[in-house]
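Step one of this worksheet: look at the structure below.
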Amino acid sequence: MSETVYIETSILGYLTARSTKDLILAANIEITKDWWESRRGAFNLYSSEAVLTEVAQGDAEIAAQRLEILRDFPLLALNQSVQGLAAQFLARSNLPPKAKVDAIHIAAATVHSMDYLLTWNCKHIANAQIQGKLAEISLDFGYVLPILCTPNELMGD
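Under the working numbering, the first residue of the sequence shown carries the number -16, and numbering increases by one thereafter.
Okay, structure coming up:
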C-alpha cells in the first residue's frame, strides 16, 4: 500500500506560480514541479476543505488552476477530532493564533493518519522548533504526527 501525503495549500501555490526572479522562490517552484511530475505517483494524495478554501482565493485564473488540480483529490473531513486537536496545537505549542488554518492542516493530516504533510510553509508547519511540541501534543491525544516536510525532503533516492 502506498504512503499517504496531505497536500497543503502552499504546494498548489508553487505548482501554479508565475515565474519569478527571486532565486529561492524559483528553485522552490522547480522542486515542487519536479516532485509533482516524478514522485506524486508513488503516494496516495489527500487534501481538505481548508485547502480548497485557501486555493480559491486570489487571482481568479490561477485559483481555477489550483482548484482543477484538486478536483479528484479525496478530502479529509475537518471533523470534531480535527478541530479539537487544532485547538490544542494552538493552545499548547508555539503556533501563534494567526496560524489557525495551519493548525487545521496539521491536525487533519494527524487525525487521518497521513504519513506526510507536504508544504512550503516552514514558518508554522515544516518547522523543526515547533514539530517536537506538536508530536508531544499528538501523542497525548493518541495520534502520531505525520512527517511535516517540503517536496525537496520527499524526493526519494
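Beta carbons are placed, not taken as given, at the ideal position from N, Cα and C, and that holds for glycine.
Quick check on DSSP: helix, strand or coil for V127? V127: coil per DSSP, three-state reduction.
Considering T15, what are the terminal residues of the alpha helix (DSSP H) in which it resides? Element bounds for T15: L6 to S21.
Give me the Cα-Cα distance between I87 and S31, rounded to the nearest whole angstrom. Computed Cα separation, rounded: 9 Å.
By the three-class DSSP mapping on this structure, what secondary structure does E51 have? Assigned with DSSP and collapsed to three states, E51 falls in helix.
Contact check, K83 vs L73 under 8 Å by CB: the rounded distance? Indeed, because the Cβ distance is near 6 Å, the residues count as touching under 8 Å.
Comparing alpha-carbon positions, which option in T(-13), L122 and M97 lies nearest R22? Of the residues T(-13), L122 and M97, the one whose Cα lies closest to the Cα of R22 is T(-13).
Where do the N-terminal and C-terminal ends of the alpha helix (DSSP H) with S(-7) fall, by residue? Segment T(-8) to L(-2), the alpha helix (DSSP H) holding S(-7).
Have a look at A46, I130 and L(-2) and flag the residue whose alpha-carbon is nearest the alpha-carbon of N110. The shortest C-alpha separation from N110 is found at I130.
Since S30 is in the beta strand (DSSP E), which residue starts that stretch and which ends it? Per DSSP, S30 belongs to the beta strand (DSSP E) from F26 to S31.
What is the DSSP secondary structure of L137, reduced to helix, strand or coil? Shown here, L137 sits in a helix according to DSSP, grouped into three states.
N27 versus L53 - alpha carbon distance: For N27 and L53, the distance between alpha carbons rounds to 13 Å.
Reference Y(-3); option with closest CA among A46, Y29 and A25: Sorting A46, Y29 and A25 by C-alpha distance to the C-alpha of Y(-3) places A46 at the top.
In the DSSP assignment, find the unbroken beta strand (DSSP E) run with L101 in it and report its ends. From DSSP, the beta strand (DSSP E) with L101 extends over Y99 to L101.
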